[in-house]
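K.L.:
Numbering (my numbering), first residue to last: 393 to 506.
The beta-carbon is built from N, C-alpha and C at its ideal position, and this holds for glycine as well.
1. Quick one, which of 442, 452 and 472 has its alpha-carbon nearest residue 492's?
2. Have a look at residue 465 and residue 457 and give me their C-alpha separation to the nearest angstrom.
3. If you run the structure through DSSP and keep just helix, strand and coil, what is residue 426?
4. Express the C-alpha separation of residue 455 and residue 483 in angstroms, rounding to a whole number.
5. Report buried or exposed for residue 410, applying the criterion of at least 16 other Cβ atoms within 10 angstroms of its Cβ.
6. Write down the C-beta distance between residue 485 and residue 448 rounded to the nearest angstrom, noting that I regard them as a contact closer than 8 angstroms.
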């Protein structure tokens, strides 16, 4: 032990050595993982992706219905805008879900990155 640990009792020194060994085991385990995500982390990531796709599919038509309803009330053209906006919302929702599922959600459009 170095001089900073001279004042420790034998029992404390034993605990300190155990902690140092435990730290070495943790370091070895982290090196073994080498940045790979754990099974739980991967499951959480996949679950989050599934929830986002589901929200995209539901939110698009829902927003379309609300906008269409408001436009129908404002213009008096009852079924026109609610149907039009619903289908536009459905298309947008499915497009967002597709882009999310294929990891294209951060890019604008469908151009491939160089």
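P.N.:
Short version:
1. Residue 492 has its Cα closest to that of 442, out of 442, 452 and 472.
2. Near 12 angstroms, if we compare the C-alpha coordinates of residue 457 and residue 465.
3. Here residue 426 carries a coil assignment [DSSP, helix/strand/coil].
4. So the alpha carbons of these two residues sit roughly 12 angstroms apart.
5. With fewer than 16 Cβ atoms within 10 Å of its Cβ, residue 410 is classed as exposed.
6. Taking a contact as a CB-CB distance under 8 angstroms, the pair residue 485 and residue 448 counts as one, their CB atoms being some 5 angstroms apart.
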